[in-house]
Each structure stands twice: as C-alpha cells, then as structure tokens.
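Read through the structure below, which is laid out as structure tokens, and then see the notes.
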Amino acid sequence: MSDPASEPNSTAMPPKKTRARVPKTVWDLVFTLLIPILILSPNMLGSGISIADQVFGGGTTGNVRAYLLAALIPVAYVLWDLGVNRNVSPVALIGGAGAIFSGALAFWYVDGFWYAIKDSARSYLTGILFLISAATSVPLFRVFLDAASIGEKPEDRAATQQAMRDPGVHRGLVLGTVVFAVVDLIGGMVNSVVNYARVTARFGSDDFNAQIAAVNAVMRVPGLIISLVGVFAAIWFVQRAVKVRFGPDASLLEPAKLAAVMRERGEVRSEQAGPV
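Residue numbers (numbering that gives the first Met the number 0): 0 to 275.
Structure, rendered in structure tokens:
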C-alpha cells in the first residue's frame, strides 16, 4: 500500500500559503516620501546615480524636471488610489483636492522665503478652510467624524448624525474644528521655518533639490506628530461635549454604543431608530 502523503494529489499536502498584502501605509510612504527623496537626491543611496543627471540631462533643466517629477508622483499616486478604490467620500475628495493643489504649486518656481511658504501652503489652506467652516452649520471636522460612521448600521449612523446636530455637541464640533485648524496652521509655520532655514540654494540647482530631499525626510515624523496632536485634541473636545450631553458611556467614535445610550435615554427619533 502506498503512503497517501506521497501521492501528488493527496489531501495530506499542505495548503498553499496566501501572499501577505503590503499595508497601504507602506505604499503611502513609498510613493509620497521615499521615491520623491530618491528622485531629488544627487547621489542616490551613495551609488553616484542622479535622476537629474542620468535621466534628464543634468544642469538647471535636469534639476527642474527631477523636481517636478518628485512633486507630481505623490499627486498621481493619490489620484490613482482614489480612482482604483472609487472612494468618493468627502474626506477622500478633500484629500484629492489637496493633492491637486500641491501639484499645481509645483509649477511655481521659487526659492528662499516663497518656497518656504509654498511648501506649507496646503497646511495654510486647510487651516483657513477649517476656520471658515467653523462659522457655518457644518464644521469640517464633523465631515471627518461622519465619514468614520459610513460602514455602521443605518440606525446607528442615524443616531450619530442626530447627536452631531445637537446644539451642545455642535459647539464641541465647532471648537474641535477650530483647534484642528490652529494646530494645522502651527504645523505649517513650523515647516516654513525649517524650510526657510535649510533650503537656501537657488531653485534649479543640485543643492536645492538635495536640500528639499533632506527637509522632507527630517520633517515627515514631526509633521505627522503635529497633525495627530490636532486630530486627538479636536476629538477630545467633541467627545467631552457628547459625554456632557448624553452621559459618560456615550462616544461618538462608537456609533452602536452611542445609539444604545440614546435609546435608553429616549433620545432617538422614532423614524431614525430602526429595529431595536
């Protein structure tokens, strides 16, 4: 009798391993940070290779073309990601609009002070738009929180939207939006100061591209930390307003739990409550 394990089609053969998917965060870093830095580098990874020289012919023209390529690759990646995932949520559309804005600014050839302003223009624009929205009936931070509940059950999502329309919670959303905007503006100013101090070469030169690459690498983590501080501070103000209004167990980040608390308090409107 033959050994079943030795048969080619035997059920004893181990199943094929599925290939692990690369996390999206890794792809984000590759296309928005690593590839642009490599393109701008006059000595890629110490190999002596320069995209500006070997691909674009060197000189001012080669450096400008390398600069544009490095600036437009993140834009193309963001737009490609939106198209592939067909994500038309307000948050995704805001991100896509910001990417297009950054891409357009790449064709503004400046150095020194104006480059420092240009490199932070997206943060300045975002901060200003959030501040303006805080004076309207739909502060932009509400859009972000509303997008987080898209995948929830309809009755839970409806309860979340009802809670955000409450006057007390709305004041928390306004305050959170203002805090987020102020922190984003501070982050932009910090980035401008660093760029002004470290990007001192003339636009189109080897040193200019190299200095941009260095600043991008240096500022990625501090910039991310500043952004997270703004997000968490804004969430804290909103959550505090929700708990004051609906009780200590209520959380806008947990729609099902919030809906349950609102039902217990008789706060859910009958047309939105759905099956209990």
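We treat Cβ as the ideally placed atom computed from N, Cα and C, and that holds for glycine.
This one's a predicted model, so the numbers in the text were calculated from it and none came from an experiment.
C-alpha distance - residue i paired with residue j, whole-angstrom precision
| i | j | result |
| --- | --- | --- |
| Ile36 | Ile116 | 20 Å |
| Leu71 | Ala233 | 31 Å |
| Ser204 | Ser101 | 21 Å |
| Val109 | Val29 | 26 Å |
| Ala103 | Leu251 | 36 Å |
| Val54 | Thr125 | 35 Å |
| Ile99 | Met218 | 21 Å |
| Gln161 | Ala91 | 23 Å |
| Val198 | Ile93 | 29 Å |
| Val181 | Ile224 | 14 Å |
| Phe179 | Gly58 | 42 Å |
| Leu44 | Arg262 | 60 Å |
| Ala216 | Ala196 | 15 Å |
| Ala158 | Asn84 | 28 Å |
| Pro166 | Trp113 | 42 Å |
| Gly246 | Glu151 | 21 Å |
| Ser136 | Gly95 | 24 Å |
| Ile185 | Leu227 | 13 Å |
| Leu67 | Ala134 | 37 Å |
| Thr176 | Ile48 | 45 Å |
| Phe236 | Ser40 | 42 Å |
| Arg27 | Ile211 | For clarity, residue 27 is Asp in the given sequence; the question names Arg instead. In a straight line, the C-alpha of Asp27 is about 19 Å away from that of Ile211. |
| Asn62 | Pro153 | 53 Å |
| Phe202 | Ser119 | 17 Å |
| Asp248 | Glu266 | 14 Å |
| Ala105 | Arg121 | 12 Å |
| Val192 | Leu33 | 23 Å |
| Leu257 | Gln238 | 11 Å |
| Ala69 | Trp79 | 16 Å |
| Arg164 | Gly111 | 46 Å |
| Arg20 | Val77 | 19 Å |
| Thr60 | Gly97 | 27 Å |
| Ile127 | Val220 | 23 Å |
| Arg141 | Gly56 | 49 Å |
Delimiting residues of the alpha helix (DSSP H) encompassing residue i
| i | result |
| --- | --- |
| Ser132 | Ala120 to Ser132 |
| Leu251 | First-last for Leu251: undefined, no H or E at that position. |
| Val198 | No alpha helix (DSSP H) contains Val198, which DSSP labels as neither H nor E. |
| Gly222 | Asp205 to Phe245 |
| Ile36 | Ile34 to Leu39 |
| Arg164 | Pro153 to Arg164 |
| Arg64 | Gly58 to Asn84 |
| Thr31 | Thr31 -> no alpha helix (DSSP H), and no H or E assigned at all. |
| Val142 | Leu139 to Ala147 |
Classification of residue i by the beta-carbon crowding that lies within 10 angstroms, buried from 16 upward
| i | result |
| --- | --- |
| Ser46 | exposed |
| Phe143 | buried |
| Ala51 | buried |
| Asn42 | exposed |
| Ala65 | buried |
| Ala209 | buried |
| Ile283 | Given that the chain is displayed from residue 0 to residue 275, the structure contains no residue 283 and the question cannot be resolved. |
| Val260 | buried |
| Gly82 | exposed |
| Val173 | buried |
| Gly229 | buried |
Rounded distance between the beta-carbons of residue j and residue i, thought under 8 Å
| i | j | result |
| --- | --- | --- |
| Phe207 | Ala200 | 4 Å |
| Leu139 | Ser132 | 4 Å |
| Pro254 | Asp155 | 4 Å |
| Arg244 | Val168 | 6 Å |
| Gly171 | Val241 | 7 Å |
| Pro73 | Thr24 | Going by Cβ atoms, the distance from Pro73 to Thr24 rounds to 14 Å, so no, they are not a contact pair. |
| Asp183 | Phe231 | With a Cβ gap of about 13 Å, Asp183 and Phe231 do not count as contacting. |
| Gly222 | Asn190 | 6 Å |
Any chain D beta carbon closer than 8 Å to residue i
| i | result |
| --- | --- |
| Phe55 | Absent here is chain D; the protein component of the structure consists of one chain. |
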